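A.B. asks: Counting in the working numbering, the sequence shown runs from 4 upward without gaps. Even for Gly, the Cβ is constructed at its ideal location relative to N, Cα and C. As the structure is a computational prediction, the values presented were derived from the model and not from experiment. Take this structure, written in structure tokens, and hold onto it; I'll ask about it next.
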Amino acid sequence: MDDEILVLEQKLDAAQAEYQDTLDEFAQRVVALYRAGSVSTLEILLDSDSLSEFSLRAELLNTMSKQDQELVDKLQQYMDDTSAERTQVEEE
Numbered sequence: 004m005d006d007e008i009l010v011l012e013q014k015l016d017a018a019q020a021e022y023q024d025t026l027d028e029f030a031q032r033v034v035a036l037y038r039a040g041s042v043s044t045l046e047i048l049l050d051s052d053s054l055s056e057f058s059l060r061a062e063l064l065n066t067m068s069k070q071d072q073e074l075v076d077k078l079q080q081y082m083d084d085t086s087a088e089r090t091q092v093e094e095e
């Protein structure tokens, strides 16, 4: 029984460390967005000097949006994955 609790606690500690790393990365992203100010996507794209620059900027914005969503999804997945384990540790 104690071994089971120890293993669960170790898994939760590892998951918590990964969660914290992801949360820190997301916080840095939010700070960067705040510092950048309120520039619209349309402004960024319309400031392009050529079609290739427009295309490159559009792809960059798309990649950044995907990365932001992946961070949010990863944080949510942590909460979902560890919920049962946290409950089990508390019960035992």
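Determine the DSSP secondary structure at Glu95, reduced to helix, strand or coil.
C.D. replies: Here residue 95 corresponds to residue number 92 of the sequence shown, with the count starting at 1. DSSP places Glu95 in coil when its eight states are reduced to three.
A.B. asks: Hey, quick one: how far does the alpha helix (DSSP H) through Asp16 stretch, first residue to last?
C.D. replies: Taking the sequence shown and counting its residues from 1, the one referred to as residue 16 is at position 13. Where Asp16 is concerned, the enclosing alpha helix (DSSP H) stretches over Asp5 to Ala39.
A.B. asks: Restricting to Cα atoms, I'd like to know which of Leu64, Val33 and Met82 is closest to Leu45.
C.D. replies: Residue 45 sits at position 42 when you count from the first residue of the sequence shown. If we check each option's Cα against that of Leu45, Leu64 comes out closest.
A.B. asks: Apart from the five residues on each side of it in sequence, which residues of its chain come closer than 8 Å, Cβ to Cβ, to Ile47?
C.D. replies: The residue labelled residue 47 in the question sits at position 44 within the sequence shown. Here the set comprises Arg60 and Leu64.
A.B. asks: Hey, Ala18 and Thr90 are a contact pair by Cβ (cut 8 Å); roughly how many whole angstroms apart?
C.D. replies: By one-based count along the sequence shown, residue 18 stands at place 15. By one-based count along the sequence shown, residue 90 stands at place 87. That pair is no contact at about 14 Å.
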